[in-house]
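Colleague: Residue numbers (this note's numbering), protein chains in the order written: chain A, 1 to 348; chain B, 349 to 696; chain C, 697 to 1044; chain D, 1045 to 1392. Before I ask anything, let me first share the structure, which is written out below as structure tokens.
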């Protein structure tokens, strides 16, 4: 039926959070449902996550499953930032513009210091220059840094960039958080190990995203330094984020990181991103706003082409992103044919 | 294998949150997974919840799906209680003793005024006497009342009791919230309509529980007065409780309230509760701490019997509840044979 | 003029905060005004407070001047209580019922656990029994204890009572705060040293009150353990309690604790309290509600006598205090003749 | 004695908060001390402030005395900004950089959106462009605007500039606050009426500063729209800013606005500012960073001259202000000879 088809296409590429869960994750939920289990994360699956993630990160880590990325970010930041603290982040960062002030709520009123960066990425030198006022009672106190990997323009921080930023943070005694909503996509793009992209490059706390890349609602807060965990269990509970049937979140995470499901999904999404990006670049009036390094494609598309796409059911808005770029996101479930259909519209 | 059996039995009756999801809910999740959908509660299923719940409650309601009961309670209370407000509740209430201060966190520091009540239930007269200080700047301000239905002793508020409490609340210009973590069990026990147990008895806001009675992680905040909704959408987002794939929560709720699944589950759980209660009362050294009106059984069991049960793998703790009563909870998935096994141990 | 006289009498004995400043304190303000001084507590007078108070308390203390008792209490409690913490206090305590939730605001939502005590005083045994739930994520966490000296019924905690309560607090790893709004009155009543009434009896942090006993607006937060100071300077500033011309608060405190001004004022107030109490007890229909140990007199007065007093301009309200007792407070500036006038009315 | 003289000079011009109170204000404190008075702002003087300020502002206003400017700003902003709100302000504004996050604390986590402006002043057009995201749940919500008059570069907003900014604010349904820490200095500089500089130009709430211009510790929060007052009395009390002997703050304010004391003080301070500015400009290597419109002088002074001044006991720091400008502040008590002494050092 035409209508249904149109409707379906409409949100394709809108984001990777329009997708459902991948089969492996769904199976894990079904399997976890078989029997009664201890609530509040005291079931075997939840408890075992620590070892599983420690293996993946080649280091003993401490893991807290969470149901949303906003919760993971805000809870993580609240353990490394006092109420009177500064969180240094890119002005475009999700924590700054897309979480309705969650970091402020969870920290009790910390201040997000906006950095301009380049191409959506914080620059170590700008960060270094921005950190000031330590110990002066009139000023909110430099406390933490947060970077997004993938960052908000779809590009990756390279390992040495992460290292340089972490070094600046640590030089000033700040902790550093990585918002890894698209952690797997970045990892696959950099072709490095999870350890290399995090604690080996100086990251202290990670929001490990899984929802966008094949789960229903599953993220993990991962601490690489146990001394930073602080009062996390109480803060989670107090925020209503300690689910009674936590095992279902844990089951998702467990399946996601087992047998490289997460990497497989991300590789596919990135490949689809590349295919879409290359197809778009063939069009002479379309130009990339940022390089396509993973599954997000930022392009500048002339108004008449946007209108053409939207007349076919897409809902593309060139006012949502910086410099009127349009964001298109490939996902673990994107079909090559989805891309072909999309490209065909602007070819014709 | 004996060990697995022992382990399984261990948590039977520990709570109704040790269960998984019922088949109808699980099916709904699978079905919802088929296709890409608009995120953040803007999918069709989520949007339709308003009409579905309005039908069930015979009134136009406003619905916010949530993933945990603590979140539902705290968010609901935060819209009807300012930071300097008083929330009147039973001293044993879940919001007071089992949510690690979530209402305080979400309201920005409201005060929970503990009422003694009788058998775990607030009494209208005690509430009336406790409300004071309105308009005096030195005192935190009477703002809201919260009752649990089922309450924390497993008994139900009768319709006239709810009405009397609501009348006191409204007389003082307070709003009244119902923590319906076991809403269906209470409803089935009272054999009345959802409307009668809520807004027709004066309830303003409801935490509609579904997780314990057959969902994975699904609750709903239901407003019976639109003027109380306030800034809920922003408060939810800010708290990390607006899930991107909200449709999966909505799918659970939708299946749960369709074809009387919720009532069927609750009826079964209550019947099992009654069977368990009756079986226990046959034992001459066991006495009920509170009447068994739904699926929760509170009994005083002699130490040697507790030891006997625990030696069979149960983990019963007589220190957890008021007056050393033991709480046993039947659920939608309790088998009569589960009860027989349990009772057999203390018979022998 | 009669009218003025009536008006003046009206608030006599209403509280010790209806008084102005004593001459020594007023002189100090005038003297401090002579010259430009470094702001924000970096003037000589402010800096020297540490040494002056250390001498008085026979121990190196850390001092923060504050302009209100509510601020002193709430700030002090916020350094020893996390947002998910419990503060154990008497149900009648000022922090619980007369500060509009300031401790909740400053701690970010801590819970005040109400103890019944006896005669307005916490009992060590009840405290001990009330502390529970430590380490369990569902429960707010036992964190601090607060006692008022004078307590809210005008009686003093004896040294061994303080010691016993502190011992319980420390046994459970809780910190203990003393609300010393009427510290001097209690001290003079007990006839002990400031050290004995505080850290030698186990007190960790003190709100040292001075406003009621001869200052305009001057209190001090005094830490007996430097490791508890935490982020106090930032929290004060952030709350707007770091006054730019802090020297005027410091000047008051300095004059107050110099040459035993504070003790002289308190001795007088207590003597006037005793005179008033004795005079009232001569009346056969008046009985003491609590023993008069310092400058506060709690009496039960028949309605016709209250009416008689109020017809002479007093504004006595027997609904404000526990058990319909009436509170009358003598102050540093109470004249014996004020008492005689008051007593004469009920004699006639 | 030379040393004392040096010490005194050291802080001259450091700020106008190094000064004491002017004689009229000091007299008022002494006078207010004569008698017992009703506490918590219920004394006659406090109550009458409403009428006095209403007369001055040619409009019925609502007044809350406060002891610090930070408290006045943060409390005012908290009534017009929800926890998830945006406060638009200049990046250099006091509320943004010099209050250790007080607005965030009082609002429960609002976000201060930094505007670049020109010369320290917000531009209406930039403000207009910055306001976005209204109604979108992912974004913190545009709620209020705050401007400083004098602003942080010592210049004044002209009446039409205030009007234009207010118009933008109101067009977007935002409320607008004026931080009037140096309200009198700005007023005298503009030579307009208090009404013209505030509500006639669209201002909704004002922090009326008095401490810097002749009081000890006295500010006032002034609402020009009663519907914005909200829960201010409770918020003040809860923050420990409702002083029991509030009459002393009120006495200061009363004396300050009586007989044009405030205007007289400000005129003198501005004249001294002008004298200092003109004297400095005579030096060929000194240039003004911003025009001297009131009592603050921002100049760029070569390093060797700063060293020379500091060797005479001044403590000038060219790292504290934007672009290495040096800030020198004249006050109500600045003597022409103070300026001559200062200028003589760099002449020689």
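C-beta: ideal position from N, C-alpha, C; glycine also.
In this structure, how does DSSP classify residue 1348 of chain D when only helix, strand and coil are distinguished?
Modeller: In the three-state scheme derived from DSSP, where H, G and I count as helix and E and B as strand, residue 1348 of chain D is classed as helix.
Colleague: Spell out a yes or no on whether the stretch 401-418 of chain B and the stretch 427-438 of chain B are touching, meaning 3 or more CB-CB pairs, one atom from each, closer than 8 Å.
Modeller: no
Colleague: Considering just the uninterrupted stretch of the beta strand (DSSP E) at residue 545 of chain B, what are its terminal residues?
Modeller: Note, residue 545 of chain B: premise wrong, no beta strand (DSSP E); alpha helix (DSSP H) at 542-545.
Colleague: Once DSSP output is grouped into helix, strand and coil, what is the label at residue 3 of chain A?
Modeller: At residue 3 of chain A the pLDDT is 33, less than 50, meaning the model places this residue with poor confidence and gives no usable figure here.
Colleague: Report the neighbours of residue 18 of chain A on chain B: residues whose CB is nearer than 7 Å to its CB, in chain order.
Modeller: 384, 385, 386, 387
Colleague: Would you kindly report the start and end of the unbroken beta strand (DSSP E) that includes residue 837 of chain C?
Modeller: 837-844
Colleague: Which class does residue 873 of chain C belong to by DSSP, given the choice of helix, strand or coil?
Modeller: If DSSP states are grouped into helix, strand and coil, residue 873 of chain C belongs with the strands.
Colleague: Give me the Cα-Cα distance between residue 563 of chain B and residue 833 of chain C, rounded to the nearest whole angstrom.
Modeller: The straight-line gap from Cα to Cα measures roughly 23 Å.
Colleague: Looking at the unbroken beta strand (DSSP E) that takes in residue 105 of chain A, where does it start and where does it end?
Modeller: Premise fails: residue 105 of chain A lies in the alpha helix (DSSP H), 102-107, not in any beta strand (DSSP E).
Colleague: Any beta-carbon of chain C closer than 8 Å to the one on residue 77 of chain A?
Modeller: No, no contact with chain C.
Colleague: In chain C, which residues lie less than 8 Å from residue 231 of chain A when you measure between Cβ atoms?
Modeller: 778, 780
Colleague: Could you work out which residues of chain D lie near residue 796 of chain C, taking near to mean beta carbons separated by less than 8 Å?
Modeller: Correct list: 1278, 1281, 1282.
Colleague: On the DSSP letters alone, give me the boundaries of the alpha helix (DSSP H) that residue 790 of chain C sits inside.
Modeller: 790-793
Colleague: So, with DSSP's three-state summary, where would you put residue 417 of chain B?
Modeller: Residue 417 of chain B falls in the helix class under three-state DSSP.
Colleague: In chain A, which residues lie with their C-beta within 7 Å of the C-beta of residue 833 of chain C?
Modeller: 233, 234, 237, 242
Colleague: Are the C-beta of residue 1325 of chain D and some C-beta of chain B separated by less than 8 Å?
Modeller: no
Colleague: Taking 8 Å as the cut-off, decide whether the C-beta atoms of residue 62 of chain A and residue 229 of chain A are in contact.
Modeller: yes
Colleague: Could you work out which residues of chain C lie near residue 108 of chain A, taking near to mean beta carbons separated by less than 8 Å?
Modeller: 779, 804
Colleague: Whose C-alpha, out of D:1198, D:1213, D:1294, D:1067, is nearest the C-alpha of residue 1174 of chain D?
Modeller: D:1213
Colleague: For residue 64 of chain A, name the three-state secondary structure that DSSP assigns.
Modeller: If DSSP states are grouped into helix, strand and coil, residue 64 of chain A belongs with the strands.
Colleague: Just to confirm my understanding: we take residue 631 of chain B, look at its own chain, exclude 5 residues before and 5 after, and list those with CB closer than 7 Å. What are they?
Modeller: 694
Colleague: Assuming residue 816 of chain C and residue 786 of chain C form a contact by the criterion Cβ under 8 Å, report the distance between their Cβ atoms to the nearest whole angstrom.
Modeller: 6 Å
Colleague: Taking 8 Å as the CB-CB limit, is residue 31 of chain A close to chain B?
Modeller: Output row for residue 31 of chain A: interface = no.
Colleague: Is residue 247 of chain A helix, strand or coil by DSSP?
Modeller: helix
Colleague: What did DSSP end up calling residue 586 of chain B once you bin it into helix, strand or coil?
Modeller: helix
Colleague: Buried or exposed for residue 789 of chain C, please, with buried defined as at least 16 other CB atoms from any protein chain shown within 10 angstroms of its CB.
Modeller: With 16 or more Cβ atoms within 10 Å of its Cβ, residue 789 of chain C is classed as buried.
Colleague: Within 8 Å (strictly less), CB to CB, does residue 134 of chain A reach chain D?
Modeller: no
Colleague: Who are the near neighbours of residue 696 of chain B in its chain, counting only those whose CB is closer than 8 Å to its CB and skipping five residues on each side?
Modeller: none
Colleague: Taking C-beta pairs closer than 7 Å, name the residues in chain D that residue 97 of chain A reaches, listed in chain order.
Modeller: 1183
Colleague: Given that a residue counts as buried once 16 or more other Cβ atoms are within 10 Å of its Cβ, and exposed if not, what is residue 336 of chain A?
Modeller: exposed
Colleague: At the level of alpha carbons, what is the spacing between residue 1045 of chain C and residue 474 of chain B?
Modeller: The structure shown does not extend to residue 1045 of chain C, since chain C is modelled only from 697 to 1044, so the question has no answer here.
Colleague: I need the DSSP call for residue 984 of chain C, collapsed to helix, strand or coil.
Modeller: Of the three classes helix, strand and coil, the one that applies to residue 984 of chain C here is strand, per DSSP.
Colleague: Less than 8 Å between the C-beta atoms of residue 920 of chain C and residue 954 of chain C, yes or no?
Modeller: no
Colleague: Which residues does DSSP list as the beta-bridge partners of residue 817 of chain C?
Modeller: C:814
Colleague: Per the contact definition of three or more C-beta pairs closer than 8 Å, is the stretch 938-955 of chain C in contact with the stretch 898-916 of chain C?
Modeller: yes
Colleague: Write down the C-beta distance between residue 103 of chain A and residue 245 of chain A rounded to the nearest angstrom, noting that I regard them as a contact closer than 8 Å.
Modeller: The Cβ separation is near 27 Å, so there is no contact.
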